[in-house]
Each structure stands twice: as structure tokens, then as C-alpha cells.
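Residue numbers (numbering that gives the first Met the number 0), protein chains in the order written: chain A, 0 to 571; chain B, 0 to 347.
For each residue, glycine too, the CB sits at the ideal point set by N, CA and C.
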Amino acid sequence: MSQKLVDSLQREFGTDILAVDSPRGDESVTVAPERLLDVLGHLRCAGCEQLSDVVGVDHPDRAERFELVYLLRSYADNERVQVKVNVAEDAPVPSAAGVYRSANWAEREVYDLLGVPFSGHPDLRRLLCHHEFEGHALRKDYPIEQGQECARPEKLFTDEDIARAAERANDLVSDPDDVHDELHPSDLLTVNIGPSHPATHGALRAEVLLDGENILEARTEIGYIHRCFEKEAEDHTWAQVMPYTDRLNYCSAMLNNSIYAMAVEKTIGVEATPRAQAIRVIVSELSRIIDHLVCVCANLVDIGALTNYWYLYNVRESIYETLEKLCGSRLTTNYARIGGMSHDLFDGFDAEVRTKLDEMDVGNADVMKLIARNRIFLDRTVDVGVISQEDALSWGYTGPCLRATGLAYDLRKLAPYSGYENYDFDIPTGTNGDTHDRIMVRMAEMVQSRSIILQALDKLPDGPLNIDDNSVVLPPKESVYGSIEGVMNQFKLVYEGIQVPAGRGYGFGEGANGELGYYCVSDGTGHPYRLKVRPPCFPIFSSYAELVRGGMIPDAIATLGSLNIIAGELDR
Amino acid sequence: MEAMYAFFMDTAGMDEMAAHITVAVIMATIMFIVMALCAIIFTWMERKVAGFLQSRYGPMRTGRWHGWAQAVADMLKILGKEDIIPAEADKPYFIFAPLLVLLGSLLAWAAIPWAPGFVAADLDLGLFYIFAVTSLVVLGILMAGWASNNKWALYGAARGAAQMVSYEIPLLLATIPVVLYTGSLNTQDIVIAQQGGVLNWFVFRDPFLFIAFWMYFIASIAETNRGPFDMPETESELVAGYHTEYTGMRFAFFFLAEYANLFLVSMIAVMVFLGGWWSPIPGLDFAPAACFVVKGVLMVFLNMWVRWTLPRVRVDQLMHLCWKVMIPVTLVCVVGAGIWMMASGAVG
């Protein structure tokens with residue numbers, strides 16, 4: 000897929016490319032840490048606009064203990080490549096924050112959870128764990144049951160920061176005739192937006208430095224509901240991780256389920272049956288609709304248009320009823336299974352979904368009537384929280400927030416999975432990359448999701464739901480009770496877990512808010528050796544401080560809503 | 000009123016001073032009870048209207064019929080709440096602020112002409128008096144925000160003060176054409192001048208008055224701090240604005256004042272533009288007070304309708320709207336209405 004990039008690297012760097020391999024079709028090159036920045040810089044020039052994520056893997060038995068995997072993506076050529084470096088403990092890795100902005104938080108996360116130091120990083124602090132936390136949770140030698148109590152809050156702005164900000168603001172007033180009063184540090188006010196604030200919709204914190212209503216500077220702090228999902232995953236079998244994925248983006252659990260199942264299937268080297276794939280498409284798109292509904296209506300509530308909330312939430316509620324009927328719960332669906340689905344659709348699912356989609360049309364039409372040409376709504380959202388396409392790519396934006404800048408990139412279309420290539424749909428885009436476009440892109444995507452669901456329902460294939468491989472999928476009950484082979488399979492799957500062959504695979508799909516990926520590393524024991532989630536809103540939120548700087552408090556609130564930050568997957 | 004004076008002076012044998020005081024106490028008590036009742040009824044109404052607009056029911060259980068007792072239950076609940084004064088708050092001001100806010104709207108109620116001759120304070124400067132005393136509300140809000148010693152509350156208070164002081168100007172300017180027509184600031188006179196059916200109501204007298212009415216309506220929403228102009232509260236931005244730190248009965252005072260104010264501005268609209276106690280069809284004026292109240296409630300409904308339809312404006316856009324749009328437009332209305340009066344020969 001990305002042979003071209005690998006070839007160009009080999010031409011350029013020759014023997015500095017220590018190894019090339021392609022586990023499960025993911026091209027990857029290994030380089031020495033000191034050549035990392037050159038390689039990344041070269042790739043950036045060669046068209047890789049985005050660093051999706053940095054994955055750190057701990058191998059305590061190796062001399063070069065830590066393995067870092069940089070996931071890169073080229074949008075122009077629709078290609079992906081992984082760059083690997085191996086480093087010894089305490090050996091610093093040059094920071095890529097100067098090449099890709101998304102590296103800033105990605106490296107902080109690696110530093111926080113694995114303790115890999117990065118040289119030249121602008122702000123190397125802990126990110127997900129508390130600043131007083133000791134040790135590094137994702138290291139293999141950190142005991143999983145060891146909790147730590149950390150209570151003292153961190154002040155994000157020191158007095159020097161405030162003084163510097165005041166000075167900068169004074170410097171900006173260049174006109175000597177301007178009778179603008181000099182700002183003193185005491186004129187500025189720091190205010191915490193969050194962790195418990197009506198507009199954060201989850202526990203996140205942004206501390207803003209205010210001159211009146213204007214935000215001079217903002218700083219963000221996350222990790223309030225960090226529970227180290229990735230460490231928990233290492234303590235469970237592959238199948239047992241499924242319910243945990245529900246809690247990542249709790250607004251679209253079905254998407255998390257399906258993409259997780261897909262990622263593990265990719266690592267095993269199997270593919271779900273056509274029927275399971277079609278069902279995944281249907282429930283994923285329903286989930287995407289729910290997620291977009293929640294995001295849009297929460298955003299509208301934040302800008303004071305409270306009534307729209309009910310028009311959209313009633314639809315969401317109604318779709319949740321169907322999902323509850325399907326899998327027994329509304330939020331924590333736990334429906335997909337590695338190699339198939341937990342169970343088939345219920346009778347009458349088809350007709351029920353069609354009615355729900357019609358309800359969605361009515362709800363969305365009502366909301367569009369209220370907002371589409373509403374002067375106040377436009378004044379509040381147009382040109383608020385603007386991000387350019389180039390910046391969005393560098394920050395690691397994906398999904399609706401990236402499409403709002405005008406880039407028609409959708410993994411369902413350009414890296415199709417689960418049979419998305421068989422459905423006919425468009426990629427809605429915006430032009431301006433502002434709050435208004437993000438809302439409108441989501442509204443338009445719901446229409447596309449509706450069309451995908453209807454197509455999938457029309458040609459839902461018959462045939463088996465689960466793959467015919469009892470080393471992956473639990474055997475049917477008759478077989479368990481009726482044959483020794485069935486009993487053994489059941490026993491081995493439940494007690495030892497799915498024996499995912501040693502290796503790695505990066506499975507990803509279009510989550511509701513962008514690229515949702517799982518980087519799976521297996522050592523063949525039945526437990527994940529390392530499972531890294533690439534949550535779409537993590538890189539997006541890393542740009543929040545930049546987005547709101549220079550705006551006003553109401554703009555910051557409107558922008559936050561439109562980014563769709565879900566603390567569950569942000570903090571993991 | 001005259002009947003009451005006559006009763007106390009002649010039948011009960013009081014001297015003039017005593018009769019004045021007695022009547023004042025009685026009227027003040029009636030006003031306060033009516034105001035409290037209004038607040039209770041309007042909270043229930045707000046919830047039902049909001050429910051109606053948001054495809055849900057609102058309260059349905061308390062008191063069986065459409066949850067009519069919900070507001071009463073809420074009031075009782077709020078009476079039993081713990082009264083918290085933050086340790087760092089400026090105590091005397093913190094305590095006094097809600098009273099001042101309530102006082103501002105309560106005082107204004109005195110000059111409302113409910114029916115011919117039935118007005119608590121029949122002042123020659125009635126309209127002027129109303130706008131003067133409602134300014135106290137700003138003071139109360141500013142005091143509450145400052146005394147709370149909370150940054151969000153301070154922001155709410157600062158926004159509230161800026162907003163209410165600004166919007167008082169178009170609010171006042173919009174009523175000036177009516178004063179030109181009547182030649183009086185007495186609230187009774189203003190209503191009496193609108194006798195003779197719907198076409199004689201000031202709102203339909205001339206195009207400038209029609210515009211002035213809508214300017215008044217918009218400014219009155221801002222004066223009552225309700226959506227889309229609820230800057231001092233802005234639930235999603237400032238947590239709860241100036242009353243973030245208030246609990247229990249003190250919070251209830253703000254709540255009471257909001258609805259008292261809402262009804263007050265609606266009644267002023269009815270009095271100044273919508274014919275006061277006169278019925279739309281001439282000659283059907285058998286229940287003037289009821290007619291006045293019904294019109295007032297309709298205006299309240301309109302206010303709620305707007306609140307639950309529009310998003311909130313941003314604080315700088317709010318100021319832009321006031322200073323760069325509404326004040327010029329109302330000024331044009333004042334001049335235009337004057338010219339119209341002269342041209343149509345209505346100069347009194």
C-alpha cells in the first residue's frame with residue numbers, strides 16, 4: 000500500500016533504514032533514534048501530512064527496552080507508513096513536536112505512561128496521570144493493582160506566565176497614539192473552565208487567562224477519568240477487552256466494539272463473515288448518528304439554543320430503544336465479537352430501524368429550520384474556532400472536524416473495511432473549518448449514514464454470522480454439550496482466551512469523531528501484550544488551547560462543543 | 000381608590016394621614032401577594048410553555064392536573080434549603096443584594112394601572128418613576144456578583160450591569176413617542192388615551208410606534224435578563240452567573256424577581272402600547288382588570304416563546320445590537336413619530 004514511501008526512504012537513507020517489514024500489510028521501517036527526525040522530516044516532505052499517533056511498547060527483556068511506533072498518514076496519496084525506533088531505558092528520543100504538532104501530546108503520553116524521555120520537547124509533563132504520580136503505569140514491571148492517591152491540583156499558570164502574557168498583550172498594541180491602558184498582571188484573571196463546568200460535558204479542564212472577556216491564553220489538563228484502559232487490557236484476554244471498549248467513547252459504543260473486533264481479526268488474520276460485516280455497518284452507522292446527535296445538540300445547548308436538544312435527543316432516545324432491544328443495554332452495548340457478533344438481529348429489526356430513521360429526518364429537519372438561517376446562530380458559530388486545513392492535519396485532526404476544513408477524507412471511502420466499498424454515499428465537507436461547518440458536516444453526515452443503513456438493510460446477506468473457526472469464536476452450545484471437541488474449544492477459549500498469533504496489527508476505522516484505531520501487539524499468550532487505542536478526540540483536544548486563544552469565553556464554549564470531546568476516550 | 004379613602008375617612012373616622020397610610024399598607028400587601036402569586040404561576044407556565052415547545056410535557060404529577068402544584072412544591076422545597084453564605088463572601092452585601100433586586104421590581108409595580116382608577120400610586124411621573132426604580136435591579140445584581148467573591152459571579156455581574164444599563168436607553172427611548180402622543184407621563188392618562196378599540200392602541204397608531212413597540216419588546220427581554228439575552232446567567236458559560244453562590248431563600252428572591260420583572264415589563268408594554276385595560280373591540284370593557292392581565296400574560300407567553308426558540312447572543316454582539324442598532328432606530332422612531340403627529344394633525 001505504501002511501497003512508494005518505503006522505497007523513497009530506502010533511496011534517501013540507505014543503510015540507516017535498519018529493517019523493513021509489513022506485518023498484516025502495515026508497511027513499517029525501523030530506524031535508529033538519532034535518524035528519527037530526519038526520516039520524519041523526509042516523510043513530511045514526501046506527503047505524510049499527519050502523525051496519527053505514537054505507540055510505545057515495553058519489552059523489559061530486551062536491551063533496547065522501548066519500542067516506539069510512529070503512525071504516519073499521507074492524505075494526498077492515501078498512504079500509511081509506520082516508523083519504528085528502539086531505545087534503551089532512559090535514553091532520550093528526539094522529539095518530533097517540531098515536525099508534527101500532534102507529536103506534542105502523543106509524546107507526553109508515552110513519557111507519562113512508559114517513562115521514555117524526549118529531548119527537545121517543548122513541554123514534557125505528565126499528561127494522563129496526575130502530576131504527583133510516581134512510576135510509569137504501562138511499564139510491565141508496574142503492578143496493575145498498585146493505586147496511588149494524588150489529590151493536589153496543579154496550577155497551570157504561574158505568576159511569571161501571567162506577567163509574560165500581560166507583556167505580550169501590551170506589545171501587540173503597536174500604535175503609539177493608542178490610548179489603550181497598559182495591562183498589568185493584576186488586571187488579568189485566571190479562570191478554570193472545568194473540570195466540573197456545565198459546558199465541558201465530562202471531566203476536562205481548561206484554565207484560561209482573561210483580559211475582560213478575552214482569552215489571552217489557555218492551557219488544558221486532561222486525565223480526570225484516566226483509568227489506564229490499556230493496562231487493564233493487558234490483564235484480560237482479547238475477548239474480555241470488548242466490554243471495556245464500550246466505555247471509551249460512550250456515545251458510540253457500537254463503533255468501538257466493531258472496530259476493536261476488526262483490529263483483533265486483522266491481527267489474527269481472519270475476516271468477519273459478510274453478514275457480520277453488514278450488521279456491523281448498520282449498528283455502527285446507527286451509533287454514528289447517535290454520536291452526531293449528541294454532539295450537535297450539546298453544542299447547541301452550549302450556545303443557548305436549548306430547545307433543539309429535545310428535537311435531537313428524542314431521536315437518540317428512540318434509536319437507543321432499538322439498540323437496547325438488540326443487545327440489552329443502551330450505552331454499554333458489547334455487541335460485536337472477535338470473528339462475528341454476539342448474536343443475530345431480532346425479528347422486525349429492519350422495519351424498526353426504518354421508522355427510527357424517519358424520526359431522525361423529522362428531528363433534523365426541525366432543528367435545521369431553527370438554526371440554518373438563524374442570525375444569532377450564524378453570528379455565534381461562523382468564524383468561531385477556525386482551524387486551517389494544514390493546521391488541522393498537523394494537529395492530527397480526523398473525521399468531521401477535518402472534513403469541516405474542506406478535505407474530503409473518510410476512511411470508509413478511502414480505506415474501506417467491513418464492506419463499506421459496496422455502499423454508495425458521499426463525503427460531506429465544509430469550507431471554513433469553523434464551528435458552523437463542524438455542526439453542518441455532522442448534520443449532513445447523518446443523512447449519509449441513513450442512506451448507508453438503508454442500503455445495508457436492503458442487501459443484508461444471509462449466511463453464517465460468525466466465522467467457522469472455533470479457535471476464535473465460541474462453538475455453538477449443542478456442540479459444547481454434544482462433542483468432546485466442542486467442550487475443549489469452549490474451555491480453551493474461556494480459560495486461555497483467543498490465541499492471537501504473535502505479531503502486530505493496526506486496525507482502524509472511521510469512528511464518529513475521526514480515526515479510531517487499535518494497535519494490537521500479541522505475544523501469542525491469549526492476552527494482549529500491548530493494546531494502544533488511538534482515540535480521535537485526543538489529538539483534537541490537544542489543539543484546543545490554540546483554537547480559543549484570542550477569542551472570548553462564549554467562543555471557547557461554542558468551540559469546545561463542536562469538537563466533540565468525549566472524556567471517556569480522551570483519558571482512557 | 001377614592002372609594003377606599005372615603006371609606007376610611009368617613010366610615011372609619013380616620014384623619015387624612017392615617018387613611019393614606021392604611022391605604023398604602025393595604026395596596027402594598029396586595030401588590031406583594033399578587034407579585035408572589037405571579038412568580039409562582041409564571042414558573043409553572045414557563046415550564047409548561049417550554050415543555051410544549053420542546054415536544055415534552057413539563058411537570059405532570061404534582062397536584063394531578065398538569066402538575067399545577069409544582070411551583071408551590073418548589074417554593075416549599077426552597078424554603079427548607081440550607082442557607083449558605085461563602086466564607087469569603089462580603090456578608091452584608093451578599094445578604095442585601097437579593098432584597099435590592101426584589102425591591103427594584105416591587106416598587107415599580109406600584110404605578111401599574113390595573114383598571115380605571117385602580118392604581119396603587121397614581122403618580123404624574125408614573126412612567127418615569129417605573130424606569131427609575133427598576134434601575135435598582137442592576138445595583139442588586141452588581142452587588143450580588145461582587146459580594147459572592149467568585150470569578151464566575153463577578154463576570155455575570157459585570158455583564159449584567161453593562162447589559163442592563165445599555166438596554167435601559169432603547170427601552171426608555173421606545174416609550175417616548177407614546178409620551179409625545181399623550182403629553183403625560185401619568186400611567187392612567189397613557190391608557191385613557193388609547194380608548195376606542197384596537198386601532199387606537201398606540202402600537203397601531205403609526206408605523207414608527209409599531210417599530211418602537213418591537214424595539215421595546217427586544218429591550219425588555221434584555222432588561223429581564225432572559226434568553227437570548229441572559230448574559231448575567233449564561234448557564235453554559237458562567238456556570239450560573241451572578242447567583243452562582245446563592246442558595247435557598249436568597250436564591251428564591253432572585254427567581255421571584257426575575258418573574259416579577261418579566262410580568263412588569265409585559266404590563267408596561269400592555270399599558271404603553273397595547274391599550275392597557277381597554278378591550279380590542281370598543282364598548283366591551285366590562286372587565287378592565289381582567290383584560291389588562293390577559294394581555295400581560297400573552298406578552299409573557301411571547302417572551303417565553305422567544306426565550307425557548309433562539310440561541311444566546313454573544314456578549315459583544317449584544318452590545319453591538321444595543322448601541323449600533325437599537326438606539327439609532329429608536330431615535331429615528333422618536334423623531335418620526337413627532338413628524339407623523341404634526342403631519343396627521345394629532346398634536347394635542
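Using CA coordinates, which residue listed in the options is at the minimum distance from residue i?
| i | options | result |
| --- | --- | --- |
| isoleucine 126 of chain A | A:Glu212, A:Arg204, A:Ser27, A:Ser286 | According to the sequence provided, residue 126 of chain A is leucine. The question's isoleucine does not apply to it. Per the Cα distances, A:Arg204. |
| histidine 19 of chain B | B:Ile32, B:Thr28, B:Tyr4 | B:Tyr4 |
| serine 541 of chain A | A:Lys476, A:Asn103, A:Lys491 | A:Asn103 |
| leucine 292 of chain A | A:Glu316, A:Pro427, A:Val269, A:Glu270 | A:Glu316 |
| valine 190 of chain A | A:Ala164, A:Gly201, A:Ala217, A:Thr199 | A:Ala217 |
| glycine 201 of chain A | A:Pro184, A:Arg34, A:Tyr223, A:Gln239 | A:Tyr223 |
| glycine 580 of chain A | A:Ser21, A:Glu63, A:Val115 | Residue numbering for chain A in the displayed model covers 0 to 571; residue 580 of chain A lies beyond these limits and cannot be assessed. |
| leucine 101 of chain B | B:Trp304, B:Pro85, B:Leu255, B:Val324 | B:Leu255 |
| aspartate 123 of chain B | B:Gly139, B:Ala110, B:Met26 | B:Ala110 |
| valine 177 of chain B | B:Phe127, B:Val164, B:Val137 | B:Phe127 |
| asparagine 77 of chain A | A:Pro415, A:Asn431, A:Ala501 | A:Pro415 |
| arginine 311 of chain B | A:Asn298, A:Leu546, A:Ser251, A:Ala232 | A:Asn298 |
Can you say whether residue i is buried or exposed, counting buried as having 16 or more other CB atoms within 10 angstroms of its CB?
| i | result |
| --- | --- |
| asparagine 169 of chain A | exposed |
| histidine 435 of chain A | buried |
| leucine 562 of chain A | buried |
| glycine 339 of chain A | buried |
| glutamine 162 of chain B | buried |
| glycine 347 of chain B | For glycine 347 of chain B, the predicted structure reports a pLDDT of 48, less than 50, and the residue's modelled location is therefore unreliable. A value from the coordinates is still provided. Exposed, by the Cβ-count rule. |
| leucine 283 of chain B | exposed |
| serine 576 of chain A | Here chain A covers residues 0 to 571 and nothing more, so residue 576 of chain A does not appear. |
| tryptophan 394 of chain A | buried |
| proline 538 of chain A | buried |
| lysine 348 of chain B | Here chain B covers residues 0 to 347 and nothing more, so residue 348 of chain B does not appear. |
| glutamine 147 of chain A | exposed |
| phenylalanine 376 of chain A | buried |
| leucine 36 of chain B | exposed |
| lysine 458 of chain A | exposed |
| tyrosine 396 of chain A | buried |
For residue i, list the residues DSSP reports as bridge partners.
| i | result |
| --- | --- |
| tyrosine 69 of chain A | A:Val53, A:Val82 |
| lysine 531 of chain A | A:Tyr518 |
| tyrosine 505 of chain A | A:Tyr518 |
| serine 27 of chain A | A:Asp20, A:Gln81 |
| alanine 335 of chain A | A:Met340 |
| alanine 640 of chain A | Because chain A here runs from 0 to 571, residue 640 of chain A falls outside it and cannot be looked at. |
| phenylalanine 117 of chain A | A:Val92 |
| glycine 510 of chain A | A:Gly513 |
| valine 190 of chain A | A:Val207 |
Look at residue i and residue j and say whether their C-beta atoms are less than 8 Å apart.
| i | j | result |
| --- | --- | --- |
| proline 194 of chain A | valine 238 of chain B | no |
| valine 84 of chain A | leucine 71 of chain A | no |
| alanine 260 of chain A | arginine 336 of chain A | yes |
| valine 269 of chain B | phenylalanine 201 of chain B | no |
| glycine 119 of chain A | serine 94 of chain A | yes |
| valine 98 of chain A | valine 520 of chain A | no |
| alanine 221 of chain B | phenylalanine 212 of chain B | no |
| tryptophan 145 of chain B | tyrosine 92 of chain B | yes |
| glycine 525 of chain A | leucine 515 of chain A | no |
| tyrosine 245 of chain B | proline 97 of chain B | yes |
| arginine 55 of chain B | tryptophan 309 of chain A | yes |
| isoleucine 452 of chain A | alanine 271 of chain A | no |
Compute every distance between the C-beta of residue i and the non-hydrogen atoms of the ligand GDP, then say whether any falls below 7 Å.
| i | result |
| --- | --- |
| glycine 516 of chain A | With respect to the ligand GDP, the structure shown offers nothing to examine, as it has no ligands at all. |
Name the chain C residues whose beta carbon is nearer than 7 Å to that of residue i?
| i | result |
| --- | --- |
| glutamate 212 of chain A | In the structure shown, chain C does not exist; the protein chains are A and B. |
If you measure beta-carbon to beta-carbon, which residues of the region 303–337 of chain B are closer than 8 Å to chain A?
-> For the region 303–337 of chain B, which is checked against every Cβ of chain A, the residues closer than 8 Å are Trp307, Thr308, Leu309, Pro310, Arg311, Val312, Arg313, Val314, Asp315, Gln316.
For the region 364–388 of chain A, which residues have a beta carbon sitting closer than 8 Å to at least one beta carbon of chain B?
-> Leu369, Ile370, Asn373, Ile375, Phe376, Asp378, Arg379
Positions along the region 291–325 of chain A whose CB lies within less than 9 Å of some CB in chain B = Leu299, Val300, Asp301, Ile302, Gly303, Ala304, Leu305, Thr306, Asn307, Tyr308, Trp309, Tyr310, Asn313
Got a sec: which bits of the region 189–201 of chain A sit with their beta carbon under 8 Å from any beta carbon on chain B, in order along the chain?
-> Val190, His196, Pro197, Ala198
Contacting positions in the region 222–240 of chain B - beta carbon closer than 8 Å to chain A | Under the 8 Å Cβ criterion, the region 222–240 of chain B contributes Gly226, Pro227, Asp229, Thr233, Glu234, Ser235, Glu236, Leu237, Val238.
Give, in chain order, every residue of the region 534–567 of chain A whose Cβ lies closer than 8 Å to some Cβ of chain B.
-> Met551, Ile552, Pro553, Asp554, Ile556
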